[in-house]
Ligand SMILES: Nc1ncnc2c1ncn2[C@@H]1O[C@H](COP(=O)(O)OP(=O)(O)OP(=O)(O)O)[C@@H](O)[C@H]1O
Ligand SMILES: [Mg+2]
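Residue numbers (my numbering), protein chains in the order written: chain L, 278 to 698; chain V, 13 to 259.
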């Protein structure tokens, strides 16, 4: 804990020109973080993960020195997309390009802290508090009203080789104007060298009748913590695809607040885990208004000794009549030593709703393997076909063909990597 | 072509097949009829290579024993089984699956594999033979298919893969009258003097369309009577119990 305090102190020394509100905010958030500390086994919804490595490894905040010459090969844009490039926690405006109608500002530049973005976030989540306190890469993306962006915006957060252990606390705020639509790809990549930690907070505000397609691809190789918050107003439509390619320690929180009528949220998530990797995800959908829809579809594929956790909760408040909600978590164990804790829950306080939830965890179905082999397909190809099918059910939910092709490729190389292992 | 010699099969020490002898030559269609639980599907699976059985005796295909071969080796050698209960494969596209199966065969035969375009042209011809809508090609294998549609999909695979020996395990069950004709026509298209067929059925109806050369009656893991079409008629009229007296 003291270590984080000294990181904050040196940050505030270096950035002494920061507006006073910001440094007060950092201090306040840090106080909150120190009060609660990292989660322990006693915390409900957190007990399946050991958070002590965050404290044990003395991560330091990345500094300007960590940005070396930029190797173009780090940036892997999806053809025909706009891009926002972040290198070791430093925004690279000269490499970034966004469409008309979209404005990008750093948090420092504008320091207009939205009430929700900050920080006055009610839940005692130490990772959000720590992010607020140490945020070193704040970006605000504003999409104007009535704008339909036809190409995706590709946000690339690249972690390159650094000698010691660095951490980043990126804060991303995406605000969609009324009647606008955007496709946003939030993409974390990284070199597999020294251990680093990305503690991300992304807040998306969907104003009336706006539409967001959000693909979040986690391919960085260090520790990863993420908090994703979505606020949906009337008639807003959210569609997500979270693709996690696994790291040793990953905790992800997703919070959806439905704050208007006729809003719809489609959440898809696919996590691939191998070796000793661990992925702990909690998804909370809060229906506070009537006539809204939310569908969740989360899948994990686990190999070796990896462990997965899925905690999902759908809350339907008293006045949220005609809510339509489903929650499905399906997991595939590729190894006898892999394990999965799945706990989908429903809390319903309204009476006229249609809600379902379910969870299954199983190994590859032998009858299917046999069926495929009886058609001349060898055992390994049969398994591959099945896993691709299992994952493919989710990847088809991507609106963007290029992204689904990219993710399919990732899946194929992941499958190769576990077969060789 | 297919020779079964004194085949005994048990599952978990429970005897299911108790000494089956059967020879099917190229060009022949044999039918097996028998009570529920008499071991017909077990026989089919033992030929196709499902594991989990304790087996004595032998199954020869073109003179070679099949028993040590994997299911895919048997398939590539020319064996095909239409499943009594075709499985659903979530997320795996039907066309993709059929193409993978056909290409596995072409590759094993040293022929060049078909690309997506050529395969599509081929499969569109084949699907007409079973009178299925092309939309079934874009769905996951058997996912949400009705019972009858699954059976048609099995015959589509048969016609696409063109094996030399086909086992049809109750491919006629659950079919409406028109579908039964379509399936029978499909099988008749497939049939020729170089191919053998073993059709397992409960009903004479299918056999009326397909005209088997030989009909076997199976009870409790044994073939108790062998005859021609008239045996099928007799079984349908009298049920299986009459065999118990004559035996
Ligand atoms: N895995 C198994 N474990 C135990 N018993 C089994 C197993 N598989 C099959 N059997 C038994 O073997 C017997 C033969 O089954 P089989 O499926 O071959 O019958 P069938 O003749 O095809 O019947 P049907 O006409 O109903 O399809 C049945 O009594 C069945 O319960
Ligand atoms: Mg059977």
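Beta carbons: idealized from backbone N, C-alpha and C, even for Gly.
Have a look at L/656, L/649, L/671, L/676 and flag the residue whose alpha-carbon is nearest the alpha-carbon of residue 94 of chain V.
Residue mapping note: residue 94 of chain V aligns to position 82 of the second chain, counting from 1. Comparing Cα positions, the closest option is L/649.
With a cut-off of 8 Å, do at least 3 Cβ pairs link the stretch 576-586 of chain L to the stretch 547-555 of chain L?
These segments touch.
Give the secondary structure of residue 115 of chain V by DSSP, where H, G and I count as helix, E and B as strand, and everything else as coil.
Against the second chain, residue 115 of chain V aligns to sequence position 103. The answer is helix: DSSP assigns residue 115 of chain V an H, G or I state.
Among V/208, V/185, V/152, whose alpha-carbon lies nearest the alpha-carbon of residue 225 of chain V?
Mapped onto the second chain, residue 225 of chain V falls at position 213. If we check each option's Cα against that of residue 225 of chain V, V/208 comes out closest.
Ignoring anything shorter than 3 residues or poking outside the stretch 614-696 of chain L, list the beta strand (DSSP E) runs there in chain order.
Complete beta strand (DSSP E) runs here, min 3: 616-625, 631-640.
Cβ of residue 53 of chain V versus every heavy atom of ligand 2: is any distance shorter than 7 Å?
If you number the second chain from 1, residue 53 of chain V lands on position 41. Yes, Cβ of residue 53 of chain V sits closer than 7 Å to a heavy atom of ligand 2.
From the DSSP secondary-structure annotation, give me the bridge partner or partners of residue 383 of chain L.
Position 106 of the first chain, counted from the first residue, corresponds to residue 383 of chain L. Per DSSP, L/416.
Can you tell me whether residue 637 of chain L is buried or exposed? The criterion is at least 16 other CB atoms within 10 Å of its CB, across all chains shown.
Here residue 637 of chain L refers to the residue found at position 360 of the first chain. Exposed is the call here.
Just how far apart, CA to CA, sit residue 683 of chain L and residue 663 of chain L?
Position 406 of the first chain holds residue 683 of chain L. Position 386 of the first chain holds residue 663 of chain L. Cα to Cα, the separation comes out at about 19 Å.
Over what stretch of residues does the beta strand (DSSP E) that includes residue 241 of chain V continue unbroken?
Taking the second chain and counting its residues from 1, the one referred to as residue 241 of chain V is at position 229. Careful: residue 241 of chain V lies outside any beta strand (DSSP E), inside the alpha helix (DSSP H) at 241-250.
Going by CA-CA distance only, name the one from L/438, L/575, L/342 that's closest to residue 606 of chain L.
Residue 606 of chain L sits at position 329 when you count from the first residue of the first chain. Closest option to residue 606 of chain L, Cα to Cα, is L/575.
Against residue 95 of chain V, what residues of chain L qualify as contacts under a CB-to-CB distance less than 9 Å, listed in chain order?
By 1-based counting over the second chain, the position of residue 95 of chain V is 83. Neighbours of residue 95 of chain V on chain L, chain order: 648, 651.
Given a cut-off of 8 Å, decide if residue 179 of chain V and residue 34 of chain V are closer than it, judged by their beta-carbon atoms.
Taking the second chain and counting its residues from 1, the one referred to as residue 34 of chain V is at position 22. Taking the second chain and counting its residues from 1, the one referred to as residue 179 of chain V is at position 167. Their beta carbons are not under 8 Å apart, which means residue 34 of chain V does not touch residue 179 of chain V by this criterion.
Could you tell me if the beta carbon of residue 181 of chain V falls within a distance shorter than 7 Å of some heavy atom in ligand 2?
To locate residue 181 of chain V, count along the second chain from 1; it is residue 169. It does: the Cβ of residue 181 of chain V is within 7 Å (strictly closer) of some heavy atom of ligand 2.
Taking all protein chains shown into account, decide if residue 144 of chain V is buried (16 or more other Cβ within 10 angstroms of its Cβ) or exposed.
Numbered from its first residue, the second chain carries residue 144 of chain V at position 132. Buried, by the Cβ-count rule.
In chain order, what residues of the same chain lie with their CB nearer than 8 Å to the CB of residue 392 of chain L, ignoring the 5 residues before and after it?
Counting from 1 along the first chain, the entry for residue 392 of chain L is found at position 115. Confidence at residue 392 of chain L is low in this model, with a pLDDT of 46, below 50, so its placement is unreliable and the value that follows should be read with caution. Within the same chain, residue 392 of chain L has no close Cβ partners at all.
Closest to residue 496 of chain L by C-alpha separation, out of L/469, L/639, L/483, L/371, would be which residue?
Taking the first chain and counting its residues from 1, one reaches residue 496 of chain L at position 219. Here the closest residue by C-alpha is L/469.
Assuming residue 41 of chain V and residue 241 of chain V are in contact, meaning their beta carbons sit under 8 Å apart, how far apart are those beta carbons, in whole angstroms?
Looking up residue 41 of chain V in the second chain gives position 29. Looking up residue 241 of chain V in the second chain gives position 229. 11 Å between Cβ atoms; not a contact.
In chain order, which continuous runs of the beta strand (DSSP E) of length 3 or greater are located wholly inside the stretch 505-586 of chain L?
Counting only runs of 3 or more, we get 514-521, 527-535, 541-550, 555-564, 570-579.
On a CA-only basis, which of V/103, V/216, V/159 is nearest residue 248 of chain V? Give me that one, please.
Position 236 of the second chain, counted from the start, is the residue given in the question as residue 248 of chain V. Comparing Cα-Cα distances from residue 248 of chain V to each of V/103, V/216, V/159, the minimum goes to V/216.
Output, in sequence order along the chain, the residues in the stretch 114-139 of chain V whose CB is closer than 8 Å to any CB in chain L.
Listed by position, the residues of the stretch 114-139 of chain V near chain L (Cβ gap below 8 Å) are 116, 117, 120.
Anyone know if the C-beta pair for residue 482 of chain L and residue 514 of chain L falls short of 8 Å?
Residue mapping note: residue 482 of chain L aligns to position 205 of the first chain, counting from 1. Residue mapping note: residue 514 of chain L aligns to position 237 of the first chain, counting from 1. No, the pair does not count as a contact, with Cβ atoms beyond the cut-off.
Expressed to the nearest angstrom, what Euclidean distance is found between the alpha-carbon atoms of residue 693 of chain L and residue 251 of chain V?
In the first chain, the residue the question calls residue 693 of chain L occupies position 416. In the second chain, the residue the question calls residue 251 of chain V occupies position 239. Residue 693 of chain L and residue 251 of chain V: Cα-Cα distance of roughly 55 Å.
Mind listing which residues of the stretch 428-457 of chain L have their C-beta closer than 7 Å to chain V's C-betas, in chain order?
Flagged: no residues at all.
Short of 8 Å in beta carbon distance, which residues of its chain neighbour residue 463 of chain L, apart from the five on each side in sequence? Order them along the chain.
Taking the first residue of the first chain as position 1, residue 463 of chain L is located at position 186. Answer for residue 463 of chain L: 432, 434, 449, 479, 491, 492, 493, 494, listed in chain order.
Taking the straight line between their C-alpha atoms, what separation do you get for residue 126 of chain V and residue 418 of chain L?
In the second chain, counting from the first residue as 1, residue 126 of chain V sits at position 114. In the first chain, counting from the first residue as 1, residue 418 of chain L sits at position 141. Roughly 48 Å between the two C-alpha positions.
Looking at residue 361 of chain L: is its Cβ nearer than 8 Å to the Cβ of residue 373 of chain L?
Translated into positions along the first chain, residue 361 of chain L becomes position 84. Translated into positions along the first chain, residue 373 of chain L becomes position 96. Yes. Within cutoff.
Assuming residue 314 of chain L and residue 403 of chain L form a contact by the criterion Cβ under 8 Å, report the distance between their Cβ atoms to the nearest whole angstrom.
Translated into positions along the first chain, residue 314 of chain L becomes position 37. Translated into positions along the first chain, residue 403 of chain L becomes position 126. The Cβ separation is near 6 Å, so the contact holds.
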